[in-house]
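One structure is given below, encoded as structure tokens.
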Amino acid sequence: MTDEEAREIALAFLADRMDEIRTGGWVITGAWEHETAWSVGYQSRAFIESGRISDALAGNGPVVVPKSGADPWLAWSGRPVEEQISEGRPTLG
Numbered sequence: 001m002t003d004e005e006a007r008e009i010a011l012a013f014l015a016d017r018m019d020e021i022r023t024g025g026w027v028i029t030g031a032w033e034h035e036t037a038w039s040v041g042y043q044s045r046a047f048i049e050s051g052r053i054s055d056a057l058a059g060n061g062p063v064v065v066p067k068s069g070a071d072p073w074l075a076w077s078g079r080p081v082e083e084q085i086s087e088g089r090p091t092l093g
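Residue numbers for the sequence shown follow the UniProt record's numbering, beginning at 1 and rising by one.
Structure, rendered in structure tokens:
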């Protein structure tokens, strides 16, 4: 899987769930390769363009795109993504 493929999968995942991606209010900001997955970051377009902290998203963990082809998932923002990837997709409850 390439950087571009991971970005496309993450964009589709977010677009299915968040209007801000579909309308262009949020954008993909980067993709980082890990051993078994890619983590793909996103941020508000307003913050990217203005640099004002008041325009930034907060608490948004990256999209994890497994290289195995498994479904992508959102990582939590409060823990290192590498730890979350090594543990696998989190469950609630």
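Idealized CB from N, CA, C, for every residue including glycine.
- The beta-carbon distance between proline 80 and alanine 37, rounded to whole angstroms, is 13 Å. This is too long to meet the 8 Å contact definition.
- In this chain, the alpha helix (DSSP H) harbouring isoleucine 9 covers 3 to 15.
- A distance below 7 Å between beta-carbons, with the five flanking residues on each side excluded, links histidine 34 to the following residues of its chain, in chain order: Glu82 and Ile85.
- Judged by DSSP secondary structure, glutamate 49 falls within the alpha helix (DSSP H) whose first and last residues are 45 to 50.
- DSSP places serine 39 in the strand class (E or B) of the three-state scheme.
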